[in-house]
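Q:
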Amino acid sequence: MSFRSELKDFLMRGSVVDMAVGIVIGAAFGKIVTSFVNDILMPPIALISDQGQFADLKLVLRQDPVVTWNYGAFIQTIVDFVIIGTAIFLVIKAMNALKRKKEEAPAPAPAPTKEEVLLTEIRDLLKNK
Numbered sequence: 407m408s409f410r411s412e413l414k415d416f417l418m419r420g421s422v423v424d425m426a427v428g429i430v431i432g433a434a435f436g437k438i439v440t441s442f443v444n445d446i447l448m449p450p451i452a453l454i455s456d457q458g459q460f461a462d463l464k465l466v467l468r469q470d471p472v473v474t475w476n477y478g479a480f481i482q483t484i485v486d487f488v489i490i491g492t493a494i495f496l497v498i499k500a501m502n503a504l505k506r507k508k509e510e511a512p513a514p515a516p517a518p519t520k521e522e523v524l525l526t527e528i529r530d531l532l533k534n535k
């Protein structure tokens, strides 16, 4: 098998395509959450703390050359992580609930075999005599 055909087989597997779609959607979702945290959630917190942007909060450790401890950006990243983690948890929880519902649904009764049909007909004929 050539390299090209192996690569094509690998890339066309369902799991690889699903993973690629998940990565693209996850990246877009990450941008949405980051914008929510940066533009909606953190400005009121910065207003309360009487600072500028929350991400700009830092502790200057040394002046020349400037060395800072950027704790505002770190806290903002933690908030991003918590929101994304919670959203992923809720999506997986919903998917598991749907999967459980599907598993709990009773399987349809199997169709009777030819022998069973024939025996049923014979029984019915004997009942009618």
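Using this note's numbering, the final residue of the sequence shown is 535, and nothing's skipped along the way.
The beta carbon of each residue, even a glycine, is placed where N, CA and C say it ideally should be.
1. For T440 and S411, I'd like the C-alpha separation in whole angstroms.
2. To which residues of the same chain is V473 closer than 7 Å at the C-beta, ignoring the five residues directly before and after it?
3. Helix, strand or coil for V472 per DSSP?
4. Is DSSP giving L453 helix, strand or coil here?
5. Please check the pair M448 and Q482, which I expect to be a contact at CB under 8 Å, by giving their CB distance rounded to whole angstroms.
6. Can you tell me whether L463 is helix, strand or coil according to DSSP?
7. Have a look at V488 and S455 and give me their C-alpha separation to the nearest angstrom.
8. Check this for me: beta carbons of A461 and G436, under 8 Å apart or not?
9. Measuring CB to CB, does F416 end up less than 8 Å from V423?
10. Suppose you measure from the CA of K414 to the CA of W475; what does that come to, to the nearest Å?
A: Per the coordinate set shown:
1. 40 Å
2. L467
3. coil
4. helix
5. 6 Å
6. coil
7. 21 Å
8. no
9. no
10. 48 Å
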